[in-house]
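Novice: Chains as they are written, first to last, in this note's numbering: chain A, 1 to 201; chain B, 1 to 201.
Protein chains: 2
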Amino acid sequence: MSDYPESVLKIIRALKMLPEIGPKMAQRISFEILNWKKEDFEKFIKDIVDGYTKTKKCKICNNFSEKEICSICEDPTREKEKLCIVEDVQGIKSIERTKVFKGRYHVIDSVIKPLEGKGVDQIGIEKIIERIKKDKIKEIIIALNPRSEREITSIYIKDERKKVFPEIKITKLARGIPLGTEIEYADELTLKEAIEGRKEI
Amino acid sequence: MSDYPESVLKIIRALKMLPEIGPKMAQRISFEILNWKKEDFEKFIKDIVDGYTKTKKCKICNNFSEKEICSICEDPTREKEKLCIVEDVQGIKSIERTKVFKGRYHVIDSVIKPLEGKGVDQIGIEKIIERIKKDKIKEIIIALNPRSEREITSIYIKDERKKVFPEIKITKLARGIPLGTEIEYADELTLKEAIEGRKEI
Numbered sequence: 001m002s003d004y005p006e007s008v009l010k011i012i013r014a015l016k017m018l019p020e021i022g023p024k025m026a027q028r029i030s031f032e033i034l035n036w037k038k039e040d041f042e043k044f045i046k047d048i049v050d051g052y053t054k055t056k057k058c059k060i061c062n063n064f065s066e067k068e069i070c071s072i073c074e075d076p077t078r079e080k081e082k083l084c085i086v087e088d089v090q091g092i093k094s095i096e097r098t099k100v101f102k103g104r105y106h107v108i109d110s111v112i113k114p115l116e117g118k119g120v121d122q123i124g125i126e127k128i129i130e131r132i133k134k135d136k137i138k139e140i141i142i143a144l145n146p147r148s149e150r151e152i153t154s155i156y157i158k159d160e161r162k163k164v165f166p167e168i169k170i171t172k173l174a175r176g177i178p179l180g181t182e183i184e185y186a187d188e189l190t191l192k193e194a195i196e197g198r199k200e201i
Numbered sequence: 001m002s003d004y005p006e007s008v009l010k011i012i013r014a015l016k017m018l019p020e021i022g023p024k025m026a027q028r029i030s031f032e033i034l035n036w037k038k039e040d041f042e043k044f045i046k047d048i049v050d051g052y053t054k055t056k057k058c059k060i061c062n063n064f065s066e067k068e069i070c071s072i073c074e075d076p077t078r079e080k081e082k083l084c085i086v087e088d089v090q091g092i093k094s095i096e097r098t099k100v101f102k103g104r105y106h107v108i109d110s111v112i113k114p115l116e117g118k119g120v121d122q123i124g125i126e127k128i129i130e131r132i133k134k135d136k137i138k139e140i141i142i143a144l145n146p147r148s149e150r151e152i153t154s155i156y157i158k159d160e161r162k163k164v165f166p167e168i169k170i171t172k173l174a175r176g177i178p179l180g181t182e183i184e185y186a187d188e189l190t191l192k193e194a195i196e197g198r199k200e201i
């Protein structure tokens, strides 16, 4: 036996598609799956397929939702004129936990990653501009993770889009989140202070 | 938003079924999957389902195989009278890599785990006894991982099954594999020496 049968290699290859899972771990997980009872395996696959199929992206803000519009966007009690721009859905959850922010969110389509060929045109800026107009946004809070914050900020300025809406206050989270830490990992108190102490940029 | 939509929680719960994946990691992997393009997701699911469905356990030795009988069991050049008992399929691969052993294998059904209610009756000893008779086995090499070796050995002796076949030499891998190390992680040279220096027990 030079190697595992092709069917086993197929599962290992598939699991290596998942983030954070290296070859050794993919192999160990595969063997565990191959030893599962048929009903457990079927439940596993059904739950993943169901979850993937039923989860949509909110048409307004890109948040995960089972409906066209997410629960935050359809909540009439949220302040429409404050828009918090986050990098991903975890960012929404982290900020929601602080209970400080009562505005709405916008998940950008992609962070600027020049090395991966993702430029200014990929963050979905048009959708944000459209919301600014439609919802008469008065304040934009940029709550991107520190590593991407600088890039996006400079784009905001360089792009001179600010000139189009000079009346809008643009803030970013205050110092409080340790440099290099993702919002997801900041404790609630730090994040709360960062939101309250946000500064105009 | 108190939490993620049910569909997202469903994927997270499913991923937590996998070994070595904790709640935080299950969440991060879920988000990555939810951002996959439809064709990538479909390929992922298809490969896992295909792999699970096509992988059988060899009717003779429990090795993974796409056919009823695995490539080692159906290879006429392998010495039929030497049987190496391993804990899992990785054990076969590790020993095959040393190119020292030319006999055949038997993957036990389960290691004895009294705390999990897995007793002597779960290792599949009847199937091994049957092979001993049928293949006229002359030597059994016990190559279980060190942590389970002692238990199984004592069972072999206590169970007095040895009395049934007093003519069979039973060996275990020689010292060489560091205590507490799984066979899978032993380097090839150490494992090779452990096989060559096997001792009768």
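Even for Gly, the Cβ is constructed at its ideal location relative to N, Cα and C.
Quick caveat: nothing in here was measured; it's all calculated off a predicted structure.
Given a cut-off of 8 Å on the beta-carbon distance, is the pair F101 of chain B and I195 of chain B in contact?
Specialist: As a first step, residue 101 of chain B is located in the second sequence; it is residue number 101 there, counting from the start. As a first step, residue 195 of chain B is located in the second sequence; it is residue number 195 there, counting from the start. Against a cut-off of 8 Å, the Cβ pair of I195 of chain B and F101 of chain B comes out as a contact.
Novice: Residues in the same chain with beta-carbon distance under 6 Å from S65 of chain B, minus the five sequence neighbours each way, listed in chain order, please.
Specialist: For the purposes of this step, residue 65 of chain B is taken as residue 65 along the second sequence, with counting starting at 1. The residues are K56 and C58.
Novice: State whether the region 88-103 of chain A contacts the region 41-50 of chain B, with contact taken as three or more CB pairs (one from each stretch) at a distance under 8 Å.
Specialist: The region 88-103 of chain A vs the region 41-50 of chain B: no contact.
Novice: I want to see whether chain B comes within less than 8 Å of T55 of chain A, judged by CB atoms only; does it?
Specialist: Within the first sequence, numbered from 1, the residue matching residue 55 of chain A stands at position 55. Yes, because at least one Cβ of chain B sits closer than 8 Å to the Cβ of T55 of chain A.
Novice: Given that V86 of chain B touches chain A, what residues does it touch there, using C-beta distances under 9 Å?
Specialist: If you number the second sequence from 1, residue 86 of chain B lands on position 86. In chain order: nothing, as chain A lies at least about 12 Å away.
Novice: What does G197 of chain A touch in chain B if you count any residue whose Cβ is under 9 Å from its own?
Specialist: Taking the first sequence and counting its residues from 1, one reaches residue 197 of chain A at position 197. Ordered by position in chain B, no residue passes the 9 Å Cβ test against G197 of chain A, which lies about 23 Å from the chain.
Novice: Does D88 of chain B pass the burial test, meaning 16 or more other C-beta atoms within 10 Å, or should it be called exposed?
Specialist: In the second sequence, the residue the question calls residue 88 of chain B occupies position 88. Counting Cβ neighbours within 10 Å, D88 of chain B comes out buried, since at least 16 surround it.
Novice: Drop a sphere of 10 angstroms on the beta-carbon of K10 of chain A, count the other beta-carbons inside from all chains shown, and report buried for 16 or more, exposed for fewer.
Specialist: Here residue 10 of chain A corresponds to residue number 10 of the first sequence, with the count starting at 1. Buried is the call here.
Novice: What are the residues that DSSP puts in a beta bridge with R104 of chain A?
Specialist: Taking the first residue of the first sequence as 1, we reach residue 104 of chain A at position 104. Partner(s): A:L83.
Novice: So which of A:D135, A:I72, A:K54 and A:L191 has the shortest CA-CA distance to L144 of chain A?
Specialist: Position 144 of the first sequence, counted from the start, is the residue given in the question as residue 144 of chain A. For the options A:D135, A:I72, A:K54 and A:L191, the alpha carbon positioned closest to that of L144 of chain A is the one of A:L191.
Novice: Confirm, please, whether the CB-CB distance from K16 of chain B to A26 of chain B is below 8 Å.
Specialist: Working through the second sequence from its first residue, we reach residue 26 of chain B at position 26. Working through the second sequence from its first residue, we reach residue 16 of chain B at position 16. In this structure, K16 of chain B lies closer than 8 Å to A26 of chain B by Cβ.
Novice: Is K46 of chain A helix, strand or coil by DSSP?
Specialist: Counted from its first residue, the first sequence places residue 46 of chain A at position 46. In the structure shown, K46 of chain A adopts helical secondary structure according to DSSP, grouped into three states.
Novice: For the candidate residues A:E74, A:T98, A:K127 and A:E126, whose alpha-carbon lies nearest to that of R104 of chain A?
Specialist: Stepping through the first sequence from its first residue, residue 104 of chain A is reached at position 104. It is A:E74.
Novice: Between G91 of chain B and chain A, is there a C-beta pair that is closer than 8 Å?
Specialist: Working through the second sequence from its first residue, we reach residue 91 of chain B at position 91. Chain A contact via Cβ: absent.
Novice: Taking 7 Å as the limit between beta carbons, can you name the residues of its chain near I108 of chain B, skipping five residues before and five after?
Specialist: One-based indexing of the second sequence puts residue 108 of chain B at position 108. I85, E87, I123 and G124, listed in sequence order.
Novice: Leaving out five residues before and five after K54 of chain A in sequence, what residues of the same chain have Cβ atoms less than 7 Å from its Cβ?
Specialist: The residue given as residue 54 of chain A occupies position 54 in the first sequence. For K54 of chain A, the CB contacts under 7 Å within the same chain, skipping 5 residues up- and downstream, are E66 in chain order.
Novice: Among B:E130, B:N62, B:I170 and B:P19, which one has its Cα closest to the Cα of I141 of chain B?
Specialist: Within the second sequence, numbered from 1, the residue matching residue 141 of chain B stands at position 141. Comparing Cα-Cα distances from I141 of chain B to each of B:E130, B:N62, B:I170 and B:P19, the minimum goes to B:I170.
Novice: Need the endpoints of the alpha helix (DSSP H) that E139 of chain B sits in, please.
Specialist: Taking the first residue of the second sequence as 1, we reach residue 139 of chain B at position 139. It is not in any alpha helix (DSSP H) - E139 of chain B instead sits in the beta strand (DSSP E) that spans E139 to I142.
Novice: From the DSSP output, in three-state form, read off R198 of chain B for me.
Specialist: Counting from 1 along the second sequence, the entry for residue 198 of chain B is found at position 198. Here DSSP, grouped into helix, strand and coil, assigns R198 of chain B to coil.
Novice: So what's T53 of chain A in DSSP terms, helix, strand or just coil?
Specialist: Here the question's residue 53 of chain A lines up with position 53 in the first sequence. Looking at T53 of chain A - three-state DSSP - the assignment turns out to be helix.
Novice: Tell me which residues share the same chain as P136 of chain B and place their Cβ nearer than 7 Å to its Cβ, disregarding the 5 neighbours each side in the sequence.
Specialist: On the second sequence, position 136 is the one that residue 136 of chain B refers to. Checking the sequence, you will find Lys at residue 136 of chain B rather than Pro. Closer than 7 Å at the Cβ level, and outside the excluded window around K136 of chain B, lie E81.
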